[in-house]
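Each remark here refers to the structure printed beneath this line.
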Amino acid sequence: MANAKDLANGEKSGLSLVLLDRLRLTDARIEAMAKGVREVAGFAEVVGENLGGWSHLNGMQISRIRVPLGVLGIISPFLIFCGGKQNWKAVVKARSV
3 MANAKDLANG EKSGLSLVLL DRLRLTDARI EAMAKGVREV AGFAEVVGEN
53 LGGWSHLNGM QISRIRVPLG VLGIISPFLI FCGGKQNWKA VVKARSV
């Protein structure tokens, strides 16, 4: 029901057929997203992994350790419409690091 409203609003707003198709949620697409989340959940735990380190001249030990991002999300090109250009730019910048 909510997806039908989103699609109707997208049509009224003049979204292209390509973007409307990306917005459309079907049972198969929802299952594919869920499958992707389950796959990520099955990855080996890397939080806390020590990626190396060094000693500073003053004796302080410095280490690079993996930490959790703290966010689970499914990123798609439609994010720009959901979160605005600023959020999209932040995602692109974060992925380029």
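Sequential numbering of the sequence shown, starting at 3, is according to the numbering used here. Beta carbons: idealized from backbone N, C-alpha and C, even for Gly.
- Taking a contact as a CB-CB distance under 8 Å, the pair R68 and G55 does not count as one, their CB atoms being some 13 Å apart.
- Secondary structure at L53: strand, using DSSP grouped into helix, strand and coil.
- Cα atoms of G44 and S57: separation of roughly 35 Å, rounded to the nearest angstrom.
- The shortest C-alpha to C-alpha distance from P70 to any of L27, E47, D23, N11 is the one to E47.
- In the three-state reduction of the DSSP assignment, R66 falls in the strand class, which pools E and B.
- When secondary structure is reduced to three states using DSSP, R26 falls in the coil class, being assigned neither helix nor strand.
- Distance from the CA atom of L21 to the CA atom of Q63, rounded to whole angstroms, is 50 Å.
- At the C-beta level, R66 and N52 come within 9 Å of one another.
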